[in-house]
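Undergrad: Mind the numbering: the sequence shown is residues 826 to 1146 in our numbering, read in order. For every residue, glycine included, the Cβ atom is placed at its ideal position computed from N, Cα and C. Following this message is one structure expressed as structure tokens.
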Amino acid sequence: MGVLSQCRSIHVGRDHDHLKWSKKLAPVLTVSSGDVVTFDTVDSSNDQITLDSDASTIRSLDLGLANPVFGPVFVRDACPGDVLKVEVLDLEVADWGWTAIIPGFGLLADEFPDPDLKIWQLDKGNGYARLNGAVRVPLRPFLGCMGLAPATEEDLSTIPPTNAGGNLDCCELSVGSTVFLPVQTHGALFSCGDGHAAQGHGEVCGTAIETSVKATLRFELCKDQPWVTSPHFQIPPASQLGVTILPDRGRYAATGIDPDLLEAARKAVRNTIQWLVVAKGLTRNEAYMLASVAGDLQIVQAVNMPNFEVAMSLPLGVFSL
């Protein structure tokens, strides 16, 4: 455990990865409130998918190695009941990323049993990635995983999120955002990973545009914030996000209505895929992937019982005229 001075820029490398949340993990460094830390992360496949991979790679993917996070970082004076404020200062993505349909994974896993893989070239100069000649997705990088060690003695998988954070997969947490995490154990023990170049709300096929990311984060220890018992976040005005804005042509949305909220979401995605196939000429797999990386699921209403209403919308600016 290193002893580091306040407000110094510090680095966590790719060799400090782990595949569980645990308060028993030895921290790789110690920081103070106000320090800035950079993290070099690898993609969620843990480098099992490369530029030369195809769908056959998905069949041999070892999911036991998936979703590595990097750290943990010990925060001086952090105690259970405190809050760790994490400011996202910078996110540098690689030149390429991937989106996959993984058998048994995703919101419509039963309807997409066969693996597929899309390798994206990330045009960082222009700020987008192309699905094909007619569809482009604006880049908006974020870390899928930011979290703290849990209070439990049990080691937890990095796949499901917890009240201490983890695999939140929240596409709002891009540069300029701030995340508030409730400290569960002495020193907080922060880790992060699972870089994404773009994702919609829902990540419905199970993957975003997965990529390695170099992240720069600032930590601040906060006291007396009892309302933070799960991850909270704050995002800046859209004008300060610094992301590529495609032409604003409005949005198209398909709804799903059902007494079961999950099934309503499935119906919304299913109806969106059908629209993309028939009206936009995409294959079903392309449509499912596009819904995952650019579509947004939203609960439209949750009070007109017995039916919930969920919508999935896509910005029409992703399509060429």
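Quick one: grab the DSSP three-state call for F1142.
TA: The amino acid occupying residue 1142 in the given sequence is Gly; Phe does not appear at that position. Looking at G1142 - three-state DSSP - the assignment turns out to be helix.
Undergrad: Do V1053 and T924 count as a contact pair if the criterion is CB distance below 7 angstroms?
TA: Cβ distance not < 7 angstroms, so T924 and V1053 don't count as in contact.
Undergrad: For E1028 and D994, I'd like the C-alpha separation in whole angstroms.
TA: C-alpha separation (whole angstroms): 8 angstroms.
Undergrad: How far does the beta strand (DSSP E) with A976 in it extend, from its first residue to its last?
TA: Counting along the chain, A976 falls outside any beta strand (DSSP E), and DSSP gives it neither H nor E.
Undergrad: Hey, G922 and A1078: beta-carbon distance below 7 angstroms or not?
TA: No, they are not a contact pair.
Undergrad: Our contact map puts A851 next to S870 with C-beta atoms below 8 angstroms; I'd like the distance itself, whole angstroms only.
TA: 26 angstroms between Cβ atoms; not a contact.
Undergrad: Locate the alpha helix (DSSP H) running through N1096, then write down its first and last residues.
TA: Element bounds for N1096: L1086 to K1105.
Undergrad: Say whether the stretch 893 to 905 touches the stretch 992 to 1011, bearing in mind that this needs 3 or more beta-carbon pairs closer than 8 angstroms, one atom from each stretch.
TA: Flag = yes, the stretch 893 to 905 and the stretch 992 to 1011 touch.
Undergrad: Out of G952, A1089 and S999, state which residue places its alpha-carbon closest to the alpha-carbon of F1133.
TA: Measuring from the Cα of F1133, the nearest candidate turns out to be A1089.
Undergrad: Measuring CB atoms only, is the stretch 964 to 980 touching the stretch 901 to 920, in the sense that at least three cross pairs come out at less than 8 angstroms?
TA: The stretch 964 to 980 vs the stretch 901 to 920: in contact.
Undergrad: Could you check where the beta strand (DSSP E) with V1004 kicks off and where it finishes?
TA: Run containing V1004: T1003 to P1007, per the beta strand (DSSP E) assignment.
Undergrad: Please classify G1020: does DSSP put it in a helix, a strand, or coil?
TA: Looking at G1020 - three-state DSSP - the assignment turns out to be strand.
Undergrad: Just to confirm my understanding: we take L1046, look at its own chain, exclude 5 residues before and 5 after, and list those with CB closer than 7 angstroms. What are they?
TA: Taken in chain order, the residues that qualify are S858, V900, D902, A903, D907 and L909.
Undergrad: So, under 8 angstroms CB-CB, S1138 and G1120 are touching, yes? Tell me the CB distance rounded to an integer number of Å.
TA: Sure, about 7 angstroms apart at Cβ, within 8 angstroms.
Undergrad: I'd like to confirm the pairing. Which residues does DSSP put opposite H1011 in its beta bridges?
TA: Paired residues: none, contrary to the question.
Undergrad: Give every residue of the same chain whose Cβ lies closer than 6 angstroms to the Cβ of T1032, excluding the five residues on either side of it in the sequence, and list them in chain order.
TA: Excluding residues within five positions, the ones whose Cβ falls inside 6 angstroms are T924 and A925.
Undergrad: Considering only residues of the same chain and omitting the five flanking positions on each side of Q1126, which have a CB-CB separation below 8 angstroms?
TA: Once the five neighbours on either side are set aside, the close Cβ partners of Q1126 are F1133 and E1134.
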